[in-house]
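**Student:**
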Amino acid sequence: MGALLITIPNDLSSLNNEDKRAFLELETELSSFDTDQAVYLVEESEELKDMISHVAATGGKAPTAAQQLVNSIVSNNYFLTSNVNAVPPVVAAKQFNVITSLTSGDAKSPTIVFCAHYDSAGLAPGYAVQADSNGSGVAALLELYAALRRFYSKGSRPRYNLVFALTAGGKYNYQGARHYIENLNEKEDIELAICLDSLGNGEELYMQVAKDPKEDSIVTRVFNRVSNGLPKNRTIEIVKKKINTAAETLAWEHEMFLMKKRQAVTFTHFKDHKDPMKESLLDTKNNINMDSFYWNVKAIASGIISFVYDLDDSVCADVIADGQECSFVGGSIVNQKRLNDFLDMVLSIPRHAENSENYAKMLRNIWSRYSAKVVLQPVKFVDAVVYGHLDDKVVAHVTKPAVFELVIGTFVYDLDDSVCADVIADGQECSFVGGSIVNQKRLNDFLDMVLSIPRHAENSENYAKMLRNIWSRYSAKVVLQPVKFVDAVVYGHFDDKVVAHVTKPAVFELVIGTCIAIYLLVFHQIILRSEFILDHFLMKFAKGGYEAQ
582 MGALLITIPN
592 DLSSLNNEDK
602 RAFLELETEL
612 SSFDTDQAVY
622 LVEESEELKD
632 MISHVAATGG
642 KAPTAAQQLV
652 NSIVSNNYFL
662 TSNVNAVPPV
672 VAAKQFNVIT
682 SLTSGDAKSP
692 TIVFCAHYDS
702 AGLAPGYAVQ
712 ADSNGSGVAA
722 LLELYAALRR
732 FYSKGSRPRY
742 NLVFALTAGG
752 KYNYQGARHY
762 IENLNEKEDI
772 ELAICLDSLG
782 NGEELYMQVA
792 KDPKEDSIVT
802 RVFNRVSNGL
812 PKNRTIEIVK
822 KKINTAAETL
832 AWEHEMFLMK
842 KRQAVTFTHF
852 KDHKDPMKES
862 LLDTKNNINM
872 DSFYWNVKAI
882 ASGIISFVYD
892 LDDSVCADVI
902 ADGQECSFVG
912 GSIVNQKRLN
922 DFLDMVLSIP
932 RHAENSENYA
942 KMLRNIWSRY
952 SAKVVLQPVK
962 FVDAVVYGHL
972 DDKVVAHVTK
982 PAVFELVIGT
992 FVYDLDDSVC
1002 ADVIADGQEC
1012 SFVGGSIVNQ
1022 KRLNDFLDMV
1032 LSIPRHAENS
1042 ENYAKMLRNI
1052 WSRYSAKVVL
1062 QPVKFVDAVV
1072 YGHFDDKVVA
1082 HVTKPAVFEL
1092 VIGTCIAIYL
1102 LVFHQIILRS
1112 EFILDHFLMK
1122 FAKGGYEAQ
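So that you can map any letter, position 538 of the sequence shown is 1119 in the numbering used here, and since no number is skipped, the others follow by simple counting.
1. Could you tell me the distance, in whole angstroms, from the CA atom of V719 to the CA atom of L957?
2. Taking contact to mean at least 3 C-beta pairs separated by less than 8 Å, is the stretch 759-777 in contact with the stretch 684-696?
3. N591 and E627: beta carbons closer than 8 Å?
4. Under three-state DSSP, which class holds K942?
5. Does DSSP put K1124 in a helix, in a strand, or in coil?
6. Closest by CA to H850, which one among K942, Y875, N946 and D700?
7. Give the straight-line distance between the Cα atoms of I1108 and A1098, rounded to the nearest whole angstrom.
8. Would D713 pass as a contact of N868 if the rule is Cβ separation under 8 Å?
9. Kindly indicate which three-state DSSP category P857 falls into: helix, strand or coil?
10. Tell me, which residues are paired with S663 by DSSP?
11. Suppose the cutoff is 8 Å on Cβ atoms and the five residues either side in sequence are ignored; what does the same chain contact list for Y968 look like?
12. Starting from A603, follow the alpha helix (DSSP H) in both directions and report where the run begins and ends.
13. Rounding to the nearest angstrom, what Cα-Cα distance links F1122 and F1113 in this structure?
14. Please classify T980: does DSSP put it in a helix, a strand, or coil?
15. Does M1120 pass the burial test, meaning 16 or more other C-beta atoms within 10 Å, or should it be called exposed?
16. With 8 Å set as the bound, which would you pick, yes or no: does the beta-carbon of T748 sit closer than that to a beta-carbon of chain D?
17. Is the beta carbon of M858 closer than 8 Å to that of I817?
18. Given this structure, state the Cα-to-Cα distance separating Q711 from Y753, to the nearest angstrom.
19. Relative to the C-alpha of D973, which residue among P706, L611, S701 and L729 is closest?
20. Would A746 pass as a contact of I680 if the rule is Cβ separation under 8 Å?
21. Is A721 helix, strand or coil by DSSP?
22. For my contact list, I762 and K841 are in at a C-beta cut-off of 8 Å; report their separation, rounded to the angstrom.
23. Taking S612 as the reference, give the member of A882, K689, A702 and M632 with the closest Cα.
24. For the putative contact between L839 and A845, defined by C-beta atoms under 8 Å, what is the C-beta separation to the nearest angstrom?
25. Taking P812 as the reference, give the member of K879, V790 and E1039 with the closest Cα.
26. Please report the Cβ distance between I914 and A728, rounded to the nearest whole angstrom; I am assuming they are in contact, meaning their Cβ atoms lie under 8 Å.
27. Quick check on L585: buried or exposed, where buried means 16 or more other Cβ atoms within 10 Å of its Cβ?
28. What alpha helix (DSSP H) runs, 4 residues minimum, are completely inside the stretch 770-854?
29. By how many angstroms is the C-alpha of K1078 removed from the C-alpha of Y1044?
30. Leaving aside the five residues before and after I587 along the sequence, list all residues of the same chain whose C-beta is less than 6 Å from its C-beta, in chain order.
31. According to DSSP, what are the bridge partners of E624?
32. Could you compute how far the alpha carbon of D631 sits from the alpha carbon of V1070?
33. Should G583 be labelled buried (16 or more other beta-carbon atoms within 10 Å of its own) or exposed?
34. Using CA atoms only, rank isn't needed, just tell me which of E834, E784, G736 and Y733 is closest to R759.
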C-alpha cells in the first residue's frame, strides 16, 4: 500500500512570513485532499534529509546512459513500514465538560455563562498545539474565574450568577456546548452566554453575533463596557454572521446557544471563522502575543465587573485609552503573570480528543486550588466520530536492486564469467560448478506440483501445507505465518454445476398444438362420416335391399 510522506520543519516558529503563507496554503490544500492512502507528517531530521537527497539524485533520469545503468545497479531503494494498522480505530475515549460557578447567593438571580472549548484538532492532531485556538480561550476563562472570584467571596456580591464551562469537542461541531445546553434547566435564567475563542493575538477584538443587537440589549451594554476597557491603539468591532444551519459545522460556539434561544456572543481576534490560522500547525506558543492577550482578557474582565456591578466605567475610560492601568478595585483585575502561567498549564499536555478525560481532570485540579466546586459533565458525541492513530513510527528499510545482488555474488566468488560468455551466447550449456546450476527436469517437476491443486484463496491453507512439504524434503526449516486480510474481502462459489435444459421455442408448441387440433377435427369428421355410412348400410341390409342392388 502506498503512502504520502510530508516533512515539516522542526521549528515552525522560525519560518519567515513568506514561508508561513506557503505553509498555510499547503495546509488548506491538504485539508481538502481526498485519498485512500495514509498521509504522514514527519519532522525534519538528518537521516530523512539524506534519504530524500539520495532519492532525488538517483531516482530520476540520469544525464547519461552509463550513469543510468550505474544507478540501476548500486542506488539504494527505501522501503517504508508502519507500526499501526492501515485502518484507524474509532476512539472511544470519554469526553467531559468541566464546569464551576460563582453564585450571588440567590438561585433566582440571572446568570451569565462563560464558555471556551478546550480540545485541539487540525491537520495533524498529534502535532497540533493550537495555543491561540483555543488554548488562549481556556487560559482566559481560567483567569476570569480567578479574577472574579474575590468579588463573590464575601461582602456585597453582584446580583449575577456566573457559570464557567470548559467544553469538550469544540473542534467536532461544539459537542460539549451542545450537550451543556441540552441539559440546562428550562427555568434557568441565562441572560447571556459569552464564549471565548482565540484571544492571544491581533490588534483588534471582535464580538461575533448572529444579528445586529438592539440599542438597549444586554449584548450592546456588554459590548460598550468591554470597549471602554481597551486602549486607543486597540479597537473592538461587532461582526454579524447569520447561522448557516445547512453547513456541516457551526462557525462559532455561541451559535449553539442561539439555536436554543439563548442570547450569546463570541469574543475573538479573528474576524472570519475560516481564517486558516485557526486550524494551523503554526499556532504554537510563539504565536501568542502576550500584550495583546493581556489587554483582551483585561478588557473583558473589566467590562464584566462594570456590568454586573453597574459601575460608571467612564471614570477609567480616558486613562485606559492612553494605555495606562486603571481599576475599579485597586490594582489590575487581571494578573498578567498568572495569565501566562495558566497558558503554560493549558499547553502542557495534549488536548486532542483521545486525551479528553486526562485533560478534564487537569482542569478540575486547577480550579480546585481555588476551592471551587467543579463538576465533570460526561459528553456523548452526536454525529461525530473520532479516529485514532495520532502518532506512528515509520521505519525506512534500505534495500538494493536485485541486479546488485547478482553483481555482488560474482565479485564475492571472484568468478571469471567471461569463460562462459561466448558459449552461453551461442545457446549452449556452460557452468562454473560443472553441469547446469538449474535442473531443468526438477524445475518442470516443481511447476507440475505448483499447478497440481487449486491456488485460490479458499484453498490457501492446503496449498501452504503442500509448499511446506516440498521444502521439508530438503530438510528446510519452514514457518507457516498466518496472514490477516486488510481492506480485502474474499467471496466463495468458485465451482458450480451448470445443467443444460433443451427446450423448443414457444411458437413450436403453438404449431404442434394447431396440428393436433386439425388432426382431431379431421378425425372427428371421419368418425361422423363413417358412422353415417355404417348406419345407412345397416338399414339397407336390414331391408334386404343390399343384395338386390
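Virtual Cβ for every residue (Gly too), placed ideally from N, Cα, C.
**Tutor:** Taking the coordinates as given:
1. To locate residue 719, count along the sequence shown from 1; it is residue 138. To locate residue 957, count along the sequence shown from 1; it is residue 376. So the two alpha carbons sit approximately 16 Å from each other.
2. yes
3. Taking the sequence shown and counting its residues from 1, the one referred to as residue 591 is at position 10. Taking the sequence shown and counting its residues from 1, the one referred to as residue 627 is at position 46. No, the Cβ-Cβ distance between N591 and E627 is not below 8 Å.
4. Residue mapping note: residue 942 aligns to position 361 of the sequence shown, counting from 1. In this structure, K942 counts as helix in the three-state DSSP scheme.
5. Within the sequence shown, numbered from 1, the residue matching residue 1124 stands at position 543. Note: K1124 maps to helix in three-state DSSP.
6. Your numbering for residue 850 matches position 269 in the sequence shown. Ranking the options by Cα distance to H850, first place goes to Y875.
7. Numbered from its first residue, the sequence shown carries residue 1108 at position 527. Numbered from its first residue, the sequence shown carries residue 1098 at position 517. If I take the Cα positions, the gap works out to 15 Å.
8. As a first step, residue 713 is located in the sequence shown; it is residue number 132 there, counting from the start. As a first step, residue 868 is located in the sequence shown; it is residue number 287 there, counting from the start. Against a cut-off of 8 Å, the Cβ pair of N868 and D713 comes out as a contact.
9. The residue you call residue 857 lines up with position 276 of the sequence shown. Three-state result, P857: helix.
10. Residue mapping note: residue 663 aligns to position 82 of the sequence shown, counting from 1. Looking at the DSSP assignment, S663 forms a beta bridge with V975.
11. Counting from 1 along the sequence shown, the entry for residue 968 is found at position 387. P669, P670, V671 and V672, listed in sequence order.
12. On the sequence shown, residue 603 is found 22 positions in, with the first residue counted as 1. Taken as a continuous stretch (DSSP letters only), the alpha helix (DSSP H) holding A603 covers N598 to S612.
13. Within the sequence shown, numbered from 1, the residue matching residue 1122 stands at position 541. Within the sequence shown, numbered from 1, the residue matching residue 1113 stands at position 532. Roughly 14 Å between the two C-alpha positions.
14. In the sequence shown, the residue the question calls residue 980 occupies position 399. The answer is strand: DSSP assigns T980 an E or B state.
15. The residue labelled residue 1120 in the question sits at position 539 within the sequence shown. Per the 10 Å Cβ criterion, exposed.
16. Going by chain labels, chain D is absent from the structure shown, which holds only one protein chain.
17. Counting from 1 along the sequence shown, the entry for residue 817 is found at position 236. Counting from 1 along the sequence shown, the entry for residue 858 is found at position 277. It is not a contact, given that the beta carbons lie outside the stated cut-off.
18. The residue you call residue 711 lines up with position 130 of the sequence shown. The residue you call residue 753 lines up with position 172 of the sequence shown. Spanning the two alpha carbons is a distance of roughly 15 Å.
19. Here the question's residue 973 lines up with position 392 in the sequence shown. Selected option, being the one with the closest Cα: P706.
20. Locating residue 746 in the sequence shown gives position 165, where the first residue counts as 1. Locating residue 680 in the sequence shown gives position 99, where the first residue counts as 1. Contact: yes.
21. Counting from one through the sequence shown, the residue named residue 721 turns up at place 140. Helix at A721.
22. For the purposes of this step, residue 762 is identified with residue 181 of the sequence shown, where counting begins at 1. For the purposes of this step, residue 841 is identified with residue 260 of the sequence shown, where counting begins at 1. Right, the Cβ-Cβ distance comes to about 5 Å (below 8 Å), so this counts as a contact.
23. Residue mapping note: residue 612 aligns to position 31 of the sequence shown, counting from 1. The shortest C-alpha separation from S612 is found at A702.
24. Residue mapping note: residue 839 aligns to position 258 of the sequence shown, counting from 1. Residue mapping note: residue 845 aligns to position 264 of the sequence shown, counting from 1. Right, their Cβ atoms sit about 5 Å apart.
25. Position 231 of the sequence shown, counting from 1, holds the residue named residue 812. When each option's Cα is compared against that of P812, the closest is K879.
26. Sequence index remark: in the sequence shown, residue 914 carries index 333 (1-based). Sequence index remark: in the sequence shown, residue 728 carries index 147 (1-based). About 5 Å separates the two Cβ atoms, so the contact holds.
27. Start at 1 with the first residue of the sequence shown, and residue 585 comes out as number 4. By the 10 Å Cβ count, L585 comes out exposed.
28. 799-808 and 835-840
29. In the sequence shown, residue 1044 corresponds to position 463, counting from 1. In the sequence shown, residue 1078 corresponds to position 497, counting from 1. Near 24 Å, if we compare the C-alpha coordinates of K1078 and Y1044.
30. Counting from one through the sequence shown, the residue named residue 587 turns up at place 6. Within the same chain, I587 has close Cβ partners L622.
31. As a working mapping, residue 624 is identified with position 43 in the sequence shown. Paired residues: I589.
32. Taking the first residue of the sequence shown as position 1, residue 631 is located at position 50. Taking the first residue of the sequence shown as position 1, residue 1070 is located at position 489. About 39 Å.
33. Here residue 583 refers to the residue found at position 2 when the sequence shown is read from its first residue. Exposed is the call here.
34. By one-based count along the sequence shown, residue 759 stands at place 178. Among E834, E784, G736 and Y733, the Cα nearest to that of R759 belongs to E834.
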